[in-house]
Amino acid sequence: ATGNAVMGKGTENELVYADACSRSGGARVVHLDIANIHAVRGSYLRLHELLRSTAGGSKDDASFLSSLHDSEWLAHVASLLKGASCAAHAVGAHGRSLLVHCSDGWDRTPQMASLGQLLVDAYYRTVRGFLVLIHKEWASFGHRFRLRRSLGQPIFLQFLDAVYQLIRQVPDAFAF
């Protein structure tokens, strides 16, 4: 949002939504500070190099964990999960409606929308529901899978890692 403002581009203005939201106390803009595709790509490349360099060899746990931390991959995944938790709490605990988007709408938007729904609705934690979620939030909205892959931007892989982290934390909540 700050980068957009510096470049003379717009950001969401809460006042635009004042009338539509007057019964619920107005709208609130929340910036989640989730890294852009370029930062995620750099992080992924560092992670990939770390895993490649330690494949089949002995790993010094301290050195490996330090390098894993330095890759920032897990920090990026954690920021997605934090944002999804915020969205799920707003919907589940407070019954609020959400407008979710990033500056171009192709990457962080489906990540947040999908993870938020995964947290709120148990249907999406079934195999069938998960497939519906991917189709609805990624494929139907035209996510640029092929372009992102060709540019080495692992946005969908990052989403899948976030899902994996959720499954590891609460395995009984998932049917897969």
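Residue numbers for the sequence shown follow our numbering, so the first one is 1 and each next one is one higher.
Glycine residues also receive a C-beta, built at the ideal position from the N, C-alpha and C atoms.
These figures come from a predicted structure and were not determined experimentally.
Between which two residues does the alpha helix (DSSP H) carrying residue i extend?
i: tyrosine 17; result: Segment: none, tyrosine 17 is in no alpha helix (DSSP H) and carries neither H nor E.
i: alanine 122; result: Unbroken run through alanine 122: none, as it is neither H nor E.
i: histidine 38; result: 37-54
i: lysine 136; result: Looking at the DSSP string, lysine 136 is not in any alpha helix (DSSP H), and its letter there is neither H nor E.
i: leucine 32; result: Here leucine 32 belongs to no alpha helix (DSSP H), and DSSP marks it neither H nor E.
Within a Cβ cutoff of 7 Å, which residues of the same chain sit near residue i, ignoring the five residues on either side of it in sequence?
i: valine 127; result: Ala175 and Phe176
i: leucine 47; result: Ser71 and Trp73
i: serine 40; result: Note on identity: in this sequence residue 40 is valine, with serine being the wrong assignment. Excluding residues within five positions, the ones whose Cβ falls inside 7 Å are His76, Gln153, Pro154, Ile155 and Gln158.
i: phenylalanine 145; result: Phe156
Roughly how many angstroms separate the alpha carbons of residue i and residue j, rounded to a whole number?
i: leucine 119; j: glycine 92; result: 9 Å
i: tyrosine 164; j: isoleucine 155; result: 14 Å
i: histidine 38; j: leucine 45; result: 11 Å
i: serine 140; j: proline 110; result: 11 Å
i: leucine 147; j: alanine 113; result: 21 Å
i: phenylalanine 64; j: arginine 96; result: 42 Å
i: leucine 50; j: leucine 98; result: 38 Å
Please work out which residues of its chain come closer than 8 Å, Cβ to Cβ, to residue i, disregarding the five sequence neighbours upstream and downstream, and give them in chain order.
i: leucine 133; result: Ser114, Gln117, Leu118 and Tyr124
Which full runs of the alpha helix (DSSP H) of 4+ residues lie inside the segment 140-169, going along the chain? Taking 4 residues as the minimum length, the alpha helix (DSSP H) runs contained wholly in the segment 140-169 are 145-150 and 155-169, in order along the chain.
So, does the segment 29-36 touch the segment 77-88, judging by three or more C-beta pairs under 8 Å? Per the Cβ contact rule, the segment 29-36 is in contact with the segment 77-88 (3 or more Cβ pairs under 8 Å).
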